[in-house]
Structure formats: structure tokens, C-alpha cells
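Adding 6 to a residue's 1-based position in the sequence shown gives its number in my numbering. The beta carbon of each residue, even a glycine, is placed where N, CA and C say it ideally should be. Note sheet for the following structure.
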Amino acid sequence: MLVEEAEFGSETYGEMLVLRKRILRDPLGLEWTAEEEAWESRERHFAMKVDNGIVACVVIRPLGNGAVKLRQMAVEPEQQGAGVGRRLLGGVEKILITDEVDRIELNARDAAVGFYERLGFRKVGEEFMEVTIPHWKMVKALR
Ligand SMILES: CC(C)(COP(=O)(O)OP(=O)(O)OC[C@H]1O[C@@H](n2cnc3c(N)ncnc32)[C@H](O)[C@@H]1OP(=O)(O)O)[C@@H](O)C(=O)NCCC(=O)NCCS
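Set out below in C-alpha cells:
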């Protein structure tokens, strides 16, 4: 399994969209918003690849001042709980550190907070609602 950065519009990017839709959108009956689509070409897209395709992905949005927002983290359901998410984020963090990023922010679904805590993120502020489910803002300092 390898972490691969995919170019916006590439074949791998297309596979990531399919995975993101199936895992993050369809269960909530969500569609892409125009605002979100407008961002995609300016974001970085990372996938965990195996021989027959991708099993996980994540999107990184530059925020300026050494900070990024991590979003759209998804692992193939059959592979969840097997360390894939940890390996993907570990690989992405190494790349971000090389690029002098020093802070990752994200909005975690309540059910995923424990995962991010295991990886060194901490909650900040109060719970809030987003896409109909409770979320927490979380941050991690990289350097
Ligand atoms: C949340 C998600 C990304 C985690 O990826 P994963 O590959 O299943 O997680 P890993 O197997 O790498 O787990 C890493 C660690 O976090 C823990 N963990 C994983 N999911 C967890 C969860 N939902 N709650 C609490 N702890 C969790 C694991 O036990 C493991 O701990 P350890 O290594 O210290 O023993 C994945 O389960 C997923 O795609 N879920 C559905 C979509 C989603 O909720 N995305 C996040 C939106 S904010």
C-alpha cells in the first residue's frame, strides 16, 4: 500500500470522488455543493493505493500561514479498523512537514473523533452541527 498524491482531474482523482461519494455523501443523502466543487482544483488530493485501486483518500486545503484543513477522509468499509487511515495520514503528514506545513485543522464527525485523537489531534471549542450531524473542530501541530 502506497500513499499517492493525485492531480485534480486525473484518473485517480476520479476514483477518489467515487469513494468519497459512496462513504461520505450517499449515507447522508448529500450532493456536492458548488462552493465545495470550486475549491477542489486548489486542493491536494491523496489516496492510499493497492494493486486493484484505491482503498482510502483525503483532501488537504491550504489555509495560508503554514496551516491546512484536512477534509473528506474516507477508508473503504471492508478495510476500516485495519490501520489504513493511520498509514494514510502518517504519509500525508510527512509530505506536509516537508512542505513546511505546521498545523492541521479539521471538522471531525463525532463518530470519528476517537480516530483523530489516536493520531494526535485535540478537540477545540464546542460541538457544532454540520451536514446534519454533530462535529468537533480538531487541530494538530506538526512541528
Ligand atoms: C474514521 C476512519 C477514517 C478511520 O480510518 P481506519 O482505517 O478505519 O482507522 P485505523 O484502523 O487506521 O485506526 C487508527 C486508530 O484509531 C482507532 N479508531 C479507528 N476508528 C475509530 C473510531 N471511529 N473511533 C475511535 N477510534 C477509532 C483504531 O482503533 C486505531 O487505534 P490504535 O492504532 O491506537 O489501535 C474510517 O473508519 C472511515 O472512513 N470511516 C467512515 C467515514 C468517516 O467517518 N470519515 C471521517 C469523517 S470526519
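With 16 other Cβ atoms within 10 Å as the buried cut-off, status of residue i
i	result
G91	buried
A53	buried
A12	buried
M144	buried
F127	buried
L1	Residue 1 lies beyond the range of the chain shown here (7 to 149); nothing can be said about it.
W45	exposed
V74	buried
V107	buried
L102	buried
A80	buried
L76	buried
V137	exposed
Opposing strand residues paired with residue i [DSSP bridges]
i	result
K146	I110
P140	M135
R128	V145
L102	According to DSSP, L102 bridges with nothing at all.
Supposed contact pair residue j and residue i - C-beta distance, whole angstroms, cut 8 Å
i	j	result
A114	H141	6 Å
G59	E111	The pair is not a contact, with the Cβ atoms about 29 Å apart (cut-off 8 Å).
R67	E49	5 Å
R109	G72	6 Å
Mind listing which residues have their beta carbon within less than 5 Å of any non-hydrogen atom of ligand 1? Chain order is fine.
-> Listed along the chain, these residues meet the criterion: M79, A80, V81, Q86, G87, G89, V90, G91, R92, A114, R115, A118, G120, F121 and R124.
Any contact of the segment 55-67 with the segment 19-39, i.e. 3+ C-beta pairs under 8 Å?
-> Yes, the segment 55-67 is in contact with the segment 19-39.
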